[in-house]
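Going by the numbering used here, the sequence shown opens with residue 5, and the numbers climb by one from there.
One structure is given here, and the rest of the page talks about it.
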Amino acid sequence: MQVLDLVLISLILLAIYIILRKTVLKRKIINDEVSKKEDIIKEYENQMTRILYKYKDDEEQLIKNKKQFLLKVNKELAMNIFFDENETQQIIQKLVNMKLN
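Rendered as structure tokens:
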């Protein structure tokens with residue numbers, strides 16, 4: 005009877021360990037995804053800031069380069085598994101509205 009109890013306790017502890025491990029891993033994956041998305045958005049904002057600064061004195065070139073950049077970003081985000089269509093539209097809109105401070 006004692007060996008059976010030890011086996012049962014071991015199996016219960018193993019099940020608890022597996023459940024906790026899966027929960028922690030799932031939480032880590034979600035956090036990594038959020039961090040990755042934030043990094044991508046920040047990089048797009050940095051690139052747009054550089055474009056705005058570079059062409060601040062040439063409105064025609066600014067519009068041309070801004071348009072090319074926005075088309076590129078739209079295409080990249082459409083193919084990115086981290087972003088859905090609504091998020092892509094929000095990011096593009098934020099980039100469109102960016103101005104130099």
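By construction, the Cβ of each residue, glycine as well, lies at the ideal position given by its N, Cα and C atoms.
Grab the span of the alpha helix (DSSP H) containing residue i for me, first residue to last.
i, result
"Ile85", "Note, Ile85: premise wrong, no alpha helix (DSSP H); not H, not E."
Using only the alpha-carbon positions, how far apart do residue i and residue j sit?
i, j, result
"Asp88", "Gln97", "14 angstroms"
"Arg25", "Lys60", "52 angstroms"
"Leu15", "Val7", "12 angstroms"
Going by DSSP in three states, residue i sits in which element: helix, strand or coil?
i, result
"Tyr59", "coil"
"Leu10", "helix"
"Asn90", "helix"
"Asn78", "helix"
"Lys68", "helix"
"Leu24", "helix"
"Leu29", "helix"
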